[in-house]
Amino acid sequence: MSVEWSLGPDTQVQFVKGVGPQRAKALKGVNVATALDLLYYFPRRHLDRTLITLIKNLEKGETTTVVAKVEAGGMRSSRKRKYYQLMVSDGSGVLKCTWFNGAQYIKKIFSVGDEVAFHAKVDFFNGYQMVHPEYDILNDDEREPLNTGAVIPLYPSSEILKKVGLDSRGFRRIIKACLEEFDLSQTEYFPRELIEHYKLSALDAALRHIHFAPDTNMLATAVRRLKFDEHFFLQLLMALRQSLTAAGGGQKMAETGPYVEKIFDLLSFELTEAQKRILAEIRSDMASDRVMNRLLQGDVGSGKTIVAILAAAVAVGNGVQVAVMAPTEILAHQHHALFNSHFSHVQIPTALLIGKQTSSDRVKILEGILNGHVGVVVGTHAVIQEEVQFKNLGLVVIDEQQRFGVLQRGKLLGKGRNPDILSMTATPIPRTLAISYHGDMDLSLLDEMPKHSLPVKTRIVNADTVERVHIFMDEQIDKGRQCMIVYPLIEESEKSDLEAATKGFDQLSKRFPACSVELLHGRMKREEKDDIMNRFAANEVQILVSTTVIEVGIDIPNATVMLIENAERFGLTQLHQLRGRVGRGSKRGLCVLVQRKITENSRKRLAIIERTNDGFEISDEDLKLRGPGEFYGTRQHGYPKWKIADIVNDGHIISNARNAAFSVVKADPRLRSPVHEKIRQRFMLDYQHLLEMVNIG
Ligand code: ADP
Ligand code: MG
């Protein structure tokens, strides 16, 4: 007996019963073009009777759903502002729902007598209230199942979709129709063993139950399968990228060479155990014929640079050249000076390469790189530009790699004969995130701080207590120390950013008439910046006022005070980075966070910085507070947008998906086996374009 299915994965969505050309057009706007796309249009939430709270049982601070009838609504006003408020009741009590903006729009939506599901965090302000809740006006068919215990899907919608009748109810109808006529049994792409091994639900069941689940358990099983799938394909990308270099093709750098030992002997300090361990990891990567692709994570001040210098010394000792990339010119200059101070002892010429150099300088440098005279090139990403040709590039060091967007790994590898790549970052990446976005790299963790370093003390102050900090700065400067003041980016404009810093600079110059105060910002000429940084490094400048250009990497051991203005405007990891700029010498540093606009959230965020110096804890919190997109600029990585996966909370699913993907690639590196054919097709659809573009950023 054969069943005739009228819909397949490629069927245009307009042919789904109840859709038609007009709705199909609106659906295009939310990337639903085919019948299969429609099945992947997941509910944003489910209404489940067991998760609905009676108003009399509400508790302040919990996020929940209330189903209640609209009793009254109208504009209200307090001393400060006007707002729109609904009074709703579910028979057990009364709840207020409040909107501070968009009143004109909200007003038109609700009528007295409507039954509505409201979803938000519960506040208490003269009685329970929800501010700007999500809402769904319930139709009869939605109210009905509330009494039966079924789970109702609520779909994301928009004005455009609603105009063509695609509110939650409209979506339920067309998706139901689609499920009825679609041969779901053909959707599965995983081999049976994989499904059994990871105890996954079959895809057809998952696609059905994510929309219409008989109960919450089945819904949870569906959610787990669909999350697994999204993580799986990203991990498959990581596994494939890794297998591209695992086969060999790198340069073997097995010699110790004459330079490491000499540089090592001249160090004024002992390496920490962690530094030694990581150096050994790097050396073993370099010695193998596999191309190294290692990410070195180490908190601010953990001493990554010296590791890079010693790795570079090994490379040069094996007769290859080294390129070092820094995200800013200031940092490139500083690194160049530092690398040069070590390599000049062993008579290895180094060169600095940045965007703005006179053409005669540049020609000379490029020549030296091409004929192999220059052993180590330090620069901004100018070092990987087209016209820079190496005689034999063997190692690329990328400092503060999180600051480089997407770098084309292919381009980098093409610069030499598959050079090894060592990326370094001071942004400790929470584990789940590291696996998801750097799963093709080997990770090294520099988890020990040099002994001399005393943790920076951190204090939050407000506008009224800044003067006390100024007095402390006076004392420090009297003792010969230096201070940095940083201003945030205000709005997305460089101009206002500069204005705030300039104004602050004027005030500070007046407040500290006996000191040399300088202003540093991104739009200055390089010579000016260099001049100021050099004079700051020589303690000819005591107070350096700057915009965020100062943020990464720079090392001025004599600076002990870091004052951050409008600290609430910074991300937590950024604050931690800034704080790491002081107290790098033998004196304890102080970091002062000036909080100008106090909200509950900003207070919470800054308190985390005040409480801990542990970069990992901070980045974890930051990730939770901001979400992965903001935290890590994942949008710029060009990964397909996930519909259901959640990088913060899916830890267990991620590690299963990773195991599954890596085993598939291990068994079948090019996905050529017939059992993987469907996985391959699916992968090609969403990820093929990313296979070459290995992200190092
Ligand atoms: P980061 O990891 O933030 O890039 P740096 O490499 O700039 O840190 O190192 C911070 C400071 O610590 C530098 O002044 C460096 O010379 C010093 N340093 C590095 N390793 C050690 C060590 N093992 N013992 C003492 N000081 C060290
Ligand atoms: Mg550094």
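The numbering used here puts the sequence shown at residues 10 to 706.
Note that CB positions come from ideal geometry on N, CA and C, so glycine has one too.
Quantities reported herein were computed from a predicted structural model and do not represent experimental measurements.
Presumed contact (8 Å Cβ cut-off) between residue i and residue j, rounded CB distance
{"i": "F191", "j": "R691", "result": "No, F191 and R691 are not in contact; Cβ-Cβ is about 17 Å, not under 8 Å."}
{"i": "F625", "j": "P437", "result": "4 Å"}
{"i": "P428", "j": "L404", "result": "6 Å"}
{"i": "V385", "j": "V465", "result": "Not confirmed; about 31 Å, so no contact."}
{"i": "L320", "j": "L288", "result": "A quick correction: the sequence has Ala, not Leu, at residue 320. The Cβ separation is near 7 Å, so the contact holds."}
{"i": "M334", "j": "D408", "result": "7 Å"}
{"i": "A231", "j": "A214", "result": "7 Å"}
{"i": "K400", "j": "Q330", "result": "6 Å"}
Residue i burial status per 10 Å Cβ neighbour count (16 or more: buried)
{"i": "Y496", "result": "buried"}
{"i": "L175", "result": "buried"}
{"i": "I494", "result": "buried"}
{"i": "Y114", "result": "exposed"}
{"i": "R6", "result": "A query on residue 6 cannot be resolved here, the shown segment of the chain reaching from 10 to 706 and no further."}
{"i": "D19", "result": "exposed"}
{"i": "D623", "result": "exposed"}
{"i": "R681", "result": "exposed"}
{"i": "A523", "result": "exposed"}
{"i": "V372", "result": "exposed"}
{"i": "I607", "result": "exposed"}
{"i": "I444", "result": "buried"}
{"i": "H698", "result": "exposed"}
{"i": "T474", "result": "exposed"}
{"i": "T441", "result": "buried"}
{"i": "T643", "result": "The predicted model places T643 with a pLDDT of 48, which falls under 50 and marks its position as unreliable, so this point remains unresolved."}
{"i": "M84", "result": "exposed"}
Pairwise C-alpha distance: residue j and residue i
{"i": "L280", "j": "L584", "result": "27 Å"}
{"i": "W651", "j": "T511", "result": "42 Å"}
{"i": "G82", "j": "V103", "result": "13 Å"}
{"i": "R535", "j": "E338", "result": "8 Å"}
{"i": "L67", "j": "V79", "result": "18 Å"}
{"i": "K460", "j": "G594", "result": "11 Å"}
{"i": "K89", "j": "E630", "result": "33 Å"}
{"i": "Q244", "j": "F514", "result": "49 Å"}
{"i": "G136", "j": "E577", "result": "31 Å"}
{"i": "L553", "j": "V526", "result": "6 Å"}
{"i": "R292", "j": "L431", "result": "11 Å"}
{"i": "A35", "j": "V173", "result": "8 Å"}
{"i": "P439", "j": "N148", "result": "43 Å"}
{"i": "R53", "j": "I61", "result": "16 Å"}
{"i": "Y92", "j": "K117", "result": "14 Å"}
{"i": "Y144", "j": "E619", "result": "38 Å"}
Cβ-heavy atom distance, residue i to the ligand MG, below 7 Å
{"i": "D456", "result": "no"}
{"i": "D308", "result": "no"}
{"i": "T314", "result": "yes"}
{"i": "D629", "result": "no"}
{"i": "A321", "result": "no"}
{"i": "D408", "result": "yes"}
{"i": "A435", "result": "yes"}
Cβ-heavy atom distance, residue i to the ligand ADP, below 7 Å
{"i": "T62", "result": "no"}
{"i": "V355", "result": "no"}
{"i": "S311", "result": "yes"}
{"i": "D623", "result": "no"}
{"i": "E71", "result": "no"}
{"i": "F278", "result": "yes"}
{"i": "D564", "result": "yes"}
{"i": "H344", "result": "no"}
{"i": "Q195", "result": "no"}
{"i": "P336", "result": "no"}
{"i": "R593", "result": "yes"}
Residue from the options with nearest C-alpha to residue i
{"i": "Q491", "options": "Q551, L529, L422, E68", "result": "Q551"}
{"i": "G592", "options": "E527, G310, P30", "result": "G310"}
{"i": "D224", "options": "L56, D539, E395", "result": "L56"}
{"i": "K65", "options": "V131, R54, G29, L529", "result": "V131"}
{"i": "K420", "options": "T434, L402, L361", "result": "L402"}
{"i": "V75", "options": "P142, L45, R667, T43", "result": "P142"}
{"i": "H220", "options": "K208, V160, I169", "result": "V160"}
{"i": "L276", "options": "N575, Y164, I315", "result": "I315"}
{"i": "F348", "options": "I272, Q306, A391", "result": "I272"}
{"i": "D274", "options": "H354, A214, I565, Q306", "result": "H354"}
{"i": "L253", "options": "E686, P678, V392, H685", "result": "P678"}
{"i": "Q544", "options": "G179, A568, Y648", "result": "The identity of residue 544 in the sequence shown is Arg, whereas the question assumes Gln. When only C-alpha atoms are compared, the closest one is A568."}
CB contact check: residue i to chain C, cutoff 8 Å
{"i": "R667", "result": "Among the chains of the structure shown, chain C does not appear; only one protein chain is present."}
The ligand FMN heavy atom lying under 7 Å from the CB of residue i
{"i": "A341", "result": "The ligand FMN is absent from the structure shown, which contains only the ligand ADP and the ligand MG."}
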